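Sequences listed follow chains A and B, in order.
First residue of the first sequence: 1, per the UniProt record's numbering; consecutive thereafter.
First residue of the second sequence: 1, per the UniProt record's numbering; consecutive thereafter.
Yeah, the Cβ is synthetic: ideal placement off N, Cα and C, and Gly gets one too.
Since we're looking at a predicted model, the values are computed, not measured.
The next block holds one structure in the form of structure tokens; read it before the comments.
2 protein chains.
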Amino acid sequence: MAFDPASLRYNEAGLIPAIAQDAAGTVLMMAWMTAEAVARTLETGRVTYWSRSRQAFWVKGETSGHVQRLIEMRVDCDRDCLLVLVEQEGPACHTNRRSCFYTAIRDGAEVEILSPMAD
Amino acid sequence: MAFDPASLRYNEAGLIPAIAQDAAGTVLMMAWMTAEAVARTLETGRVTYWSRSRQAFWVKGETSGHVQRLIEMRVDCDRDCLLVLVEQEGPACHTNRRSCFYTAIRDGAEVEILSPMAD
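Written as structure tokens, this is what we have:
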């Protein structure tokens with residue numbers, strides 16, 4: 001069946017969450033896409049989100065160089081969430097860490113489990 | 001630093017997305033939590049979401065038996081998304097598949113890459 005980005009379920013703002021995971025299995029980040037961002041990601045092979053703060057397309061790595069190349073896009077059963085398997089150049093997080101999920105809750109406390117990457 | 005569920009950033013409906021991943025690295029599903037669901041998950045060790053359709057707490061596996069035991073909860077850099085590392089009993093998806101992300105987009109077409117688990 002041909003895939004149509006319009007067949008996905010977007011929220012009231014026209015957005016769908018997209019989870020980025022690398023080949024090692026690390027969940028790198030979660031951000032949002034519009035239908036057009038989904039289409040651009042598939043067409044260009046460069047993962048493209050919608051920046052809610054800037055209200056603009058966000059080609060991951062365009063300014064930082066920390067590019068995400070699309071390996072494969074997957075859709076969930078409810079068609080309201082995406083999983084993008086990516087090849088991530090350097091850190092995915094704006095804090096320079098590989099993953100945005102660097103804070104663990106252990107014994108009721110927040111613990112930093114990941115350090116920023118060396119430049 | 002002590003962790004307080006109220007310190008997370010919830011959307012206008014009071015919800016935060018939570019990504020569930022198993023020890024093998026498989027991303028199983030994404031669902032939503034309220035602050036109370038976050039607290040219950042940490043207290044009980046049973047992953048508890050908020051069902052938007054039923055408008056009720058959803059202790060994963062309570063009716064299906066496909067329980068998610070919490071291994072660790074992680075918070076992202078913006079504090080608006082959670083990653084829950086879980087021990088998943090059987091399938092995470094209501095279609096009886098291990099993961100909800102069983103549809104891949106390949107060459108512009110939807111391809112089913114995961115079959116329902118045997119009972």
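In or out: residue i buried (at least 16 other Cβ within 10 Å) or exposed?
{"i": "D107(A)", "result": "exposed"}
{"i": "R92(A)", "result": "According to the sequence shown, residue 92(A) is Ala rather than Arg. Label assigned to A92(A): buried."}
{"i": "M1(B)", "result": "exposed"}
{"i": "A20(A)", "result": "buried"}
{"i": "T41(B)", "result": "buried"}
{"i": "A18(A)", "result": "buried"}
{"i": "T63(A)", "result": "exposed"}
{"i": "T48(A)", "result": "buried"}
Please state whether the Cβ-Cβ distance between residue i and residue j is less than 8 Å.
{"i": "V59(B)", "j": "L70(B)", "result": "no"}
{"i": "S7(A)", "j": "R98(A)", "result": "no"}
{"i": "E36(B)", "j": "V67(B)", "result": "no"}
{"i": "D76(B)", "j": "F101(A)", "result": "yes"}
{"i": "A104(B)", "j": "E87(A)", "result": "no"}
{"i": "V27(B)", "j": "V27(A)", "result": "yes"}
{"i": "G25(A)", "j": "G65(B)", "result": "no"}
Run through DSSP, which three-state label would residue i get?
{"i": "P17(B)", "result": "strand"}
{"i": "A109(A)", "result": "strand"}
{"i": "A24(B)", "result": "coil"}
{"i": "A118(A)", "result": "coil"}
Starting from the C-beta of residue i, find all residues in its chain whose C-beta is less than 8 Å away, skip the five residues before and the five after it, and write them out in chain order.
{"i": "L15(B)", "result": "W32, M33, T34, W50 and R52"}
Short of 7 Å in beta carbon distance, which residues of its chain neighbour residue i, apart from the five on each side in sequence? Order them along the chain.
{"i": "N96(B)", "result": "P116 and M117"}
{"i": "G45(A)", "result": "R69 and L70"}
{"i": "G61(B)", "result": "V67, Q68 and E89"}
{"i": "Y10(A)", "result": "I16 and A35"}
{"i": "E112(A)", "result": "Y102 and T103"}
{"i": "P5(A)", "result": "A35, V38 and A39"}
{"i": "L114(B)", "result": "R97, R98, S99 and Y102"}
Among the residues of its own chain, which have a CB less than 6 Å from the CB of residue i, if the five just before and after it don't count?
{"i": "E110(B)", "result": "T103"}
{"i": "R74(B)", "result": "L83"}
{"i": "C81(B)", "result": "P17"}
{"i": "M29(B)", "result": "A20, A92 and C100"}
Looking at residue i and the ligand COA, is the gap between the Cβ and the nearest heavy atom below 7 Å?
{"i": "V111(A)", "result": "Of ligands this structure carries none, so the ligand COA is not represented either."}
Open item on the list: Suppose only complete runs of 4+ residues qualify. What are the alpha helix (DSSP H) ranges in the UniProt domain "Phosphoribosyl-AMP cyclohydrolase" (29-102) of chain A, listed by chain order?
Closed with: 35-44
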